[in-house]
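Just so we're aligned, residue -7 is where the sequence shown starts under our numbering, counting upward by one. Comments concern the structure below.
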Amino acid sequence: MTKVSALYIECSSDVAAYARDLLYSDPTAINLNYLSDNPLQLRVLASAMSKRFEGKTVLITGASSGIGRSTAFEFARSCPKNLKLVLTARRIDSLKQVASEINKEVGDGVRVLPVQLDVSKADEVRNFVGQLPDEFKEVDVLVNNANYHKVQTANEPNKHSGLVKGVAKAPEIAEEDVDVMFATNVTGLINMTQAILPSMLKRNNGDGSGDIINIGSIAGREPYIGGSIYCATKAAVRSFTESLRKELIAKRIRVIAIDPGQVETEFSLVRFGGNKSKADAVYAGCEPLTPDDIAETIVFAAGRRENVVIADTLIFPNHQAAATIMHRKST
């Protein structure tokens, strides 16, 4: 294998990702002169995109796991010198762990602020935005990623067998789950957008500046049996996103929709009340997308030149052609 020796590698994000993969698969393949004591700290700069992110503040909701967590890491890796990340979720311990791991990997050039937040509560969101430290107040990129996951505790029976889980059908859908799901997936996204948007609109002498990236789903485009409420929430996200883009047409604010197909996250385990065998069956014979795949697309969209808007993106793994059309290899 060819040996590569470099202090810094100036390259595109795709080449940077390849270099990272190469290093971790074969540590002898790349001989780097490190600037820190961490032998696994690969300093790869995607030059153009990195410069576009320098000095910016990125706010990611639902950042404690899955797509949100991966997106935080991808932004940090894309701009390890001068970036600010505000990470929110309900699980503060998980957020603090994510922040620690980011700083360990890329160093102190990325400042991370983990904040416990329930986006479904409008007052809580407004207070959160109003109380942000001065250095984090001007949010340049908002990634609305928070989704409702119903987590059962050991002492709580799974009495609602599955609205979020994608298996409940009317008239057996629990009212509580309907309320909570819309509150997080739809109202929460709107709450956060309305709280952040005013500061974006004031920039550039009123011309505005910033990115609003809403994470939807193929379910918002193609409703399927047993997923009526989840599909309805994602359809609402899609409608809100498209309306917002039209409302902001005269501003320099990009409104971006990212709709993943099948992605393997902890959501599948939650869908089936912690039943791992049922969760694993969702991916049997398939190679689903990973949270990292979606994160790379999010960061790519945010890293384009200001006049370029990746407005609407549908992402499938290779075996998927529609919400319920997937090829599965026989086992």
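Built from N, CA and C at the ideal position, the CB exists for glycine as well.
With H, G and I counted as helix, E and B as strand and the rest as coil, what does DSSP make of Val172? Position 180 of the sequence shown holds residue 172. Here DSSP, grouped into helix, strand and coil, assigns Val172 to helix.
First and last residue of the uninterrupted alpha helix (DSSP H) at Arg118: By 1-based counting over the sequence shown, the position of residue 118 is 126. Annotation: the continuous alpha helix (DSSP H) that includes Arg118 extends over 114 to 122.
Gly58: first and last residue of the uninterrupted alpha helix (DSSP H) it sits in: As a working note, residue 58 is residue 66 in the sequence shown. For Gly58, the enclosing alpha helix (DSSP H) starts and ends at 58 to 70.
May I have the straight-line CA-CA distance separating Ala91 from Leu240, to the nearest angstrom? By one-based count along the sequence shown, residue 91 stands at place 99. By one-based count along the sequence shown, residue 240 stands at place 248. When rounded, the distance between both Cα atoms is 33 Å.
When the cut-off is 9 Å and only beta carbons count, does Cys223 lie next to chain B? Absent here is chain B; the protein component of the structure consists of one chain.
By alpha-carbon positions, which one of Val98, Thr316, Leu75 ends up nearest to Pro215? Taking the sequence shown and counting its residues from 1, one reaches residue 215 at position 223. Nearest to Pro215 by C-alpha distance, out of Val98, Thr316, Leu75, is Thr316.
Which of helix, strand or coil DSSP assigns to Arg244: Along the sequence shown, one-based indexing puts residue 244 at 252. DSSP places Arg244 in coil when its eight states are reduced to three.
Of the residues Leu236, Asp110, Ala303, the one placed nearest Ala175, counting alpha carbons only: By one-based count along the sequence shown, residue 175 stands at place 183. Comparing Cα-Cα distances from Ala175 to each of Leu236, Asp110, Ala303, the minimum goes to Asp110.
Below 6 Å CB to CB, which residues in the same chain sit around Thr105 once its five sequence neighbours on both sides are set aside? Counting from one through the sequence shown, the residue named residue 105 turns up at place 113. In the sequence as displayed, the identity of residue 105 is Leu instead of Thr. Counting only Cβ-Cβ distances below 6 Å, and skipping sequence neighbours, we find Val78, Phe128.
Measure the C-alpha to C-alpha separation of Val291 and Asn206 and round it to an integer number of angstroms. In the sequence shown, the residue the question calls residue 291 occupies position 299. In the sequence shown, the residue the question calls residue 206 occupies position 214. Each residue's alpha carbon lies about 13 Å from the other.
Best match in Thr179, Lys96, Asp85 for proximity to Arg230 [C-alpha to C-alpha]: In the sequence shown, counting from the first residue as 1, residue 230 sits at position 238. Nearest of Thr179, Lys96, Asp85 to Arg230, Cα basis: Thr179.
Check the DSSP bridge columns for Gln312 and list the partner residues they point to. Taking the sequence shown and counting its residues from 1, the one referred to as residue 312 is at position 320. Met318.
Taking the alpha-carbon of Leu281 as reference, which of Arg103, His311, Val135 has the nearest alpha-carbon? For this step, residue 281 is matched to residue 289 along the sequence shown. Ranked by Cα distance from Leu281, the first of Arg103, His311, Val135 is His311.
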